[in-house]
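Each residue of the sequence shown is one higher than the last, beginning at 15 in our numbering.
For every residue, glycine included, the Cβ atom is placed at its ideal position computed from N, Cα and C.
Some notes on the structure that comes next.
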Amino acid sequence: MATSNGYTLQRGERRLVLAYIGIGMAHLAVGLLLGFMQGMEHAGIDLYKYTFLRHYYQGLSMHGVFNVLIFTTFFIAGFLSFVTAYAFRRPLYSRQLSWATFWLMTVGVVLVDWALLTNRASVLFTSYAPLKAHPAYYGGLVLVVVGTLLILTNLLLTYIGWRRENPGKPTPLLAFGALATMIMWGLASTGIAVQFVFMLLPWSLGWVDAIDPILSRTLFWFTGHPIVYFWLLPAYMSWYFLLPKQVGGRLFSEPLARLAFLLFIPLSLPVGFHHQYLDPGVSVGYKAIHAFLTFAVFMPSMMTAFTVLASLETGGRARGGKGWLGWIKKLPWSDPSVTAQALAMVLFALGGISGLVNASFTVNLVVHNTMFIPGHFHLTVGTAVALTFMAIAYWLIPYLTGRKLWGRKIAVIQAWLWFFGMALMSRGMSWAGMAGAPRRTALGSAPYVPPEWVTAFNWAAVGGAILTVSGVLFFTVLIMTALRGQREATGGVEVPLAEPLIPDEPIPAYLDRFRPWVLGATVLVIVTYGPALVGMLTSGNPGSIGFSPF
Ligand code: HAS
Ligand code: CU
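Here is the structure:
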């Protein structure tokens with residue numbers, strides 16, 4: 015199986031990647047259907063009564079956990095394991111560790127699924143105390159997080175082995191992106207590790223009676239903000255390092271790409287309070303610092319916007335595109351993987367802007383806890399990330415199974431439907447939010463829904479229905495590829511590894527080392543969180559008992 019860097023993944027490794035992606039995708043499939051039911055609920059049509067689900071909140075918890083926690087984490091686990099082995103041209107350090115990690119995470123997911131399906135964990139994906147779930151839910155999520163840390167360990171050990179044999183060489187870009195993502199995540203995950211192991215689990219097991227909701231939320235958002243970059247950076251890896259090749263172009267700037275990834279290590283972390291502007295118990299000063307740094311973490315994404323756009327342009331022009339915008343038409347729009355990613359970017363530009371609205375300390379008052387927030391994150395994680403992962407699946411699944419993609423045209427239609435469906439749904443949600451509609455509320459059964467929300471919710475429901483059709487098409491293409499795809503070595507595709515525009519450009523050491531950036535992250539976290547956390551720990555807050563109202 016020769017591909018563009020000549021490396022062949024071993025059979026066992028390909029199976030591992032497929033296993034991760036399979037579990038992730040299965041959860042996405044269910045998660046999407048639940049999303050459709052929620053959209054309908056807000057439009058006044060209760061589909062829950064036809065299922066075994068008890069109510070909206072159980073469905074919403076499953077929708078959130080399946081889509082943003084399990085689909086993303088498992089897809090990323092598979093994808094990053096794949097690109098690291100491929101880029102270093104060697105198997106991951108330990109095969110046993112790889113499989114042990116996979117099974118550990120799978121056991122975790124089974125526990126989480128059981129708790130959710132039996133209505134024992136209807137606490138929504140943010141696990142906000144004092145909403146209380148069954149210990150299996152918290153324990154299962156702990157196993158998943160431990161699994162991701164084992165993946166980090168395996169990748170780092172692979173990196174060390176490669177580095178020993180290749181002193182002085184710059185880290186191959188795909189592996190560099192994977193390492194930056196996982197190192198950032200390793201730092202970020204400490205928040206929920208402490209929250210789950212020392213607060214939520216003992217409390218749900220009945221070992222302690224009370225929990226401090228503010229401390230618990232603060233630890234959650236310590237991880238909960240950077241987790242969005244844990245989802246996003248693998249999509250960025252595709253936009254920077256793969257997509258340019260798919261459009262026949264080159265990566266516009268290798269140093270800029272490296273800098274963007276490295277900046278996410280220190281800047282992703284010290285911003286969690288932008289989720290807590292309206293929480294009591296956190297001083298205005300610390301909230302303001304986090305607001306300021308949120309604008310800083312906006313920057314590497316702006317750099318990405320310009321770099322990926324310029325890379326696409328090199329492709330469009332190489333294909334004969336002329337004029338200011340003529341190159342856009344020349345992009346290979348018949349390739350579903352390209353179309354899906356280009357459309358994901360367009361909506362992400364809007365998602366990024368709505369992020370600025372959220373981040374603005376005072377404007378946040380208007381949108382916090384309203385439907386505006388789901389409007390924001392369906393453009394970011396729901397499109398930039400999910401649609402890009404689908405785009406990756408369109409070449410990776412053929413590559414891994416040795417079967418050509420079935421239904422290319424259907425796949426292109428799927429991408430456009432996702433784009434229009436999400437544009438409509440997100441527009442409806444944001445509109446409802448600005449009219450004051452609360453998020454996470456079973457509004458379909460509320461007696462007080464004002465008429466101005468109704469039109470917005472109908473827009474969202476129509477968008478949700480289009481998305482559901484798109485989801486069905488996506489899974490049809492994947493399943494038919496696996497069952498009926500024409501057999502061909504590497505599924506007729508190569509790993510689309512992009513070359514930089516300036517080949518062999520010298521890379522300064524600080525753009526190929528992680529340690530200084532990790533150090534920077536640690537210092538920033540201590541300064542921006544330390545005193546606030548000490549204040550919470552010493553506040554003498556009596557805490558709260560648990561509630562399971564749904
Ligand atoms: Fe966010 C809430 C601020 C990015 C996800 N966010 C959320 C929640 C989620 C989420 C899930 O400050 C809800 C959590 C909950 O349940 O309560 N967010 C931001 C900011 C950014 C941002 C400033 N968010 C993301 C990403 C996510 C995500 C990425 C998932 C993957 N967000 C907030 C804030 C809140 C929040 C507040 C709390 C609100 C509240 O009150 O509760 C930035 O990082 C965004 C940067 C993005 C850009 C766009 C770059 C554009 C690119 C593409 C350009 C290419 C083009 C090419 C146009 C600067 C790279 C076109 C193509 C051709 C075909 C030519
Ligand atoms: Cu955030």
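Margin query: My output table needs one value for P452: the three-state DSSP class, helix, strand or coil.
Written below: Looking up residue 452 in the sequence shown gives position 438. Three-state DSSP puts P452 in a strand.
Margin query: At a cut-off of 7 Å, would you count V285 as near the ligand CU, judging by its Cβ distance to the nearest heavy atom?
Written below: To locate residue 285, count along the sequence shown from 1; it is residue 271. True, at least one ligand heavy atom lies under 7 Å from that Cβ.
Next item on the list: Answer yes or no: the CB of V296 versus the heavy atoms of the ligand CU, is any distance below 7 Å?
Entry: Residue 296 sits at position 282 when you count from the first residue of the sequence shown. Outside the cutoff, so no.
Margin query: Just checking H304 against the ligand CU - is the residue's beta carbon closer than 7 Å to any of the ligand's heavy atoms?
Written below: By 1-based counting over the sequence shown, the position of residue 304 is 290. Checking the Cβ of H304 against the ligand CU gives no.
Notebook entry, point to check: With distances taken between CB atoms, is the gap from G238 to H304 smaller than 8 Å?
Noted result: Here the question's residue 238 lines up with position 224 in the sequence shown. Here the question's residue 304 lines up with position 290 in the sequence shown. No.
Next item on the list: Could you tell me which uninterrupted alpha helix (DSSP H) segments, each at least 4 residues in length, are contained entirely in the region 445-517, listed from first to last along the chain?
Entry: 465-498
Notebook entry, point to check: Rounded C-beta distance between G122 and G161? I'm assuming under 8 Å.
Noted result: One-based indexing of the sequence shown puts residue 122 at position 108. One-based indexing of the sequence shown puts residue 161 at position 147. Correct: roughly 7 Å between the Cβ atoms.
Notebook entry, point to check: Helix, strand or coil for F210 per DSSP?
Noted result: Against the sequence shown, residue 210 aligns to sequence position 196. Three-state result, F210: helix.
Item checked: Cβ neighbours of T120 in the same chain (closer than 8 Å, five flanking residues each side left out) -> Counted from its first residue, the sequence shown places residue 120 at position 106. Within the same chain, T120 has close Cβ partners I37.
Item checked: Span separating the alpha-carbon of A449 from that of N383 -> As a first step, residue 449 must be located in the sequence shown, where it is residue number 435. As a first step, residue 383 must be located in the sequence shown, where it is residue number 369. Straight-line Cα distance between these residues: approximately 12 Å.
Notebook entry, point to check: What are the residues that DSSP puts in a beta bridge with I6?
Noted result: Outside the shown range of the chain, which is 15 to 564, sits residue 6, and nothing can be said about it.
Note to self: Do A356 and L370 count as a contact pair if the criterion is CB distance below 8 Å?
What the structure shows: The sequence position of residue 370 within the sequence shown is 356, counting from 1. The sequence position of residue 356 within the sequence shown is 342, counting from 1. Not closer than 8 Å, so no.
Check: Mind checking whether L94 and L256 have CB atoms under 8 Å apart?
Finding: Residue mapping note: residue 94 aligns to position 80 of the sequence shown, counting from 1. Residue mapping note: residue 256 aligns to position 242 of the sequence shown, counting from 1. The answer is no: Cβ separation not under 8 Å.
Margin query: Tell me the DSSP secondary structure of T384 in three-state form.
Written below: As a first step, residue 384 is located in the sequence shown; it is residue number 370 there, counting from the start. The answer is strand: DSSP assigns T384 an E or B state.
Margin query: At a threshold of 7 Å, does A400 count as lining the ligand HAS (C-beta to nearest heavy atom)?
Written below: Here residue 400 corresponds to residue number 386 of the sequence shown, with the count starting at 1. Because no heavy atom of the ligand HAS lies under 7 Å away, the Cβ of A400 does not count as near it: no.
Margin query: Taking 7 Å as the cut-off, is the beta-carbon of H7 closer than that to any non-hydrogen atom of the ligand CU?
Written below: Residue 7 is absent from the structure shown; the chain starts at 15 and stops at 564.
Next item on the list: Could you tell me the distance, in whole angstroms, from the CA atom of A129 to the CA atom of L215?
Entry: In the sequence shown, counting from the first residue as 1, residue 129 sits at position 115. In the sequence shown, counting from the first residue as 1, residue 215 sits at position 201. In a straight line, the C-alpha of A129 is about 14 Å away from that of L215.
Check: So, helix, strand or coil for A16, using DSSP?
Finding: Taking the first residue of the sequence shown as position 1, residue 16 is located at position 2. Confidence is the limiting factor: at A16 the pLDDT is only 39, short of 50, which leaves the residue's position unreliable, though a coordinate-based value still follows. Looking at A16 - three-state DSSP - the assignment turns out to be coil, as it is neither helix nor strand.
Next item on the list: Below 8 Å CB to CB, which residues in the same chain sit around A33 once its five sequence neighbours on both sides are set aside?
Entry: For the purposes of this step, residue 33 is taken as residue 19 along the sequence shown, with counting starting at 1. Cβ within range, chain order: G92 and F116.
Notebook entry, point to check: For V44, which residues of its own chain have a beta-carbon under 8 Å away from its beta-carbon, when the five flanking residues on both sides are left out?
Noted result: Taking the sequence shown and counting its residues from 1, one reaches residue 44 at position 30. The residues are M76 and F80.
Notebook entry, point to check: Name the DSSP bridge partner or partners of R417?
Noted result: Locating residue 417 in the sequence shown gives position 403, where the first residue counts as 1. R417 is bridged to R501.
Notebook entry, point to check: Which two residues bound the contiguous alpha helix (DSSP H) that contains D127?
Noted result: Start at 1 with the first residue of the sequence shown, and residue 127 comes out as number 113. R109 to L131 is the extent of the alpha helix (DSSP H) around D127.
Check: How many Å lie between S13 and V159 at the Cα?
Finding: As displayed, the chain neither begins before 15 nor continues past 564, which places residue 13 out of reach and without an answer.
Next item on the list: Pick helix, strand or coil for L283, following the three-state DSSP scheme.
Entry: The residue given as residue 283 occupies position 269 in the sequence shown. The answer is coil: DSSP assigns L283 none of H, G, I, E or B.
Margin query: For T98, which residues in the same chain have their Cβ closer than 7 Å to its Cβ, ignoring the five residues on either side in sequence?
Written below: Numbered from 1 along the sequence shown, position 84 holds the residue referred to as residue 98. Same-chain partners within the cutoff: L106, L169, T172, A189 and A192.
Checklist line | Contacts around W432, its chain only, beta-carbon distance under 6 Å, and the 5 residues preceding and following it disregarded | finding: Counted from its first residue, the sequence shown places residue 432 at position 418. Excluding residues within five positions, the ones whose Cβ falls inside 6 Å are L401 and S484.
Margin query: Counting C-beta neighbours from all protein chains within 10 Å, is the total for V322 16 or more, i.e. buried, or is it exposed?
Written below: The residue given as residue 322 occupies position 308 in the sequence shown. Buried: at least 16 other Cβ atoms inside 10 Å.
Check: Cβ atoms of W420 and V507: under 8 Å apart, would you say?
Finding: Along the sequence shown, one-based indexing puts residue 507 at 493. Along the sequence shown, one-based indexing puts residue 420 at 406. No, Cβ-Cβ distance for V507 and W420 is not below 8 Å.
Next item on the list: Using only alpha-carbon positions, find the residue among Q500, A456 and T22 that is nearest to G416.
Entry: Indexing the sequence shown from 1 puts residue 416 at position 402. Minimum Cα distance to G416 is reached at Q500.
Item checked: F312 beta carbon near the ligand HAS (any heavy atom closer than 7 Å) -> Sequence index remark: in the sequence shown, residue 312 carries index 298 (1-based). Yes - the ligand HAS has a heavy atom lying nearer than 7 Å to the Cβ of F312.
Item checked: Every unbroken alpha helix (DSSP H) within the region 329-385, with a cutoff of 4 residues, ordered by chain -> 340-344, 350-373 and 378-381
Notebook entry, point to check: When the Cα atoms are used, what is the spatial distance from L533 to V222?
Noted result: One-based indexing of the sequence shown puts residue 533 at position 519. One-based indexing of the sequence shown puts residue 222 at position 208. The alpha-carbon atoms of L533 and V222 are separated by roughly 35 Å.
Check: At which residues does the alpha helix (DSSP H) containing Y173 begin and terminate?
Finding: The residue given as residue 173 occupies position 159 in the sequence shown. That run of the alpha helix (DSSP H) goes P149 to E179.
Item checked: DSSP bridge partner residues for L276 (one or two, in chain order) -> Reading the sequence shown from its first residue, position 262 is the one you call residue 276. None; L276 has no bridge partner.
Checklist line | C-alpha distance - G560 paired with S218, whole-angstrom precision | finding: What you label residue 560 is simply residue 546 of the sequence shown in a count that begins at 1. What you label residue 218 is simply residue 204 of the sequence shown in a count that begins at 1. Approximately 8 Å, taken between the alpha carbons.
Check: Is the CB-CB distance between A535 and P280 below 8 Å?
Finding: Within the sequence shown, numbered from 1, the residue matching residue 535 stands at position 521. Within the sequence shown, numbered from 1, the residue matching residue 280 stands at position 266. In contact: A535 and P280 (Cβ atoms closer than 8 Å).
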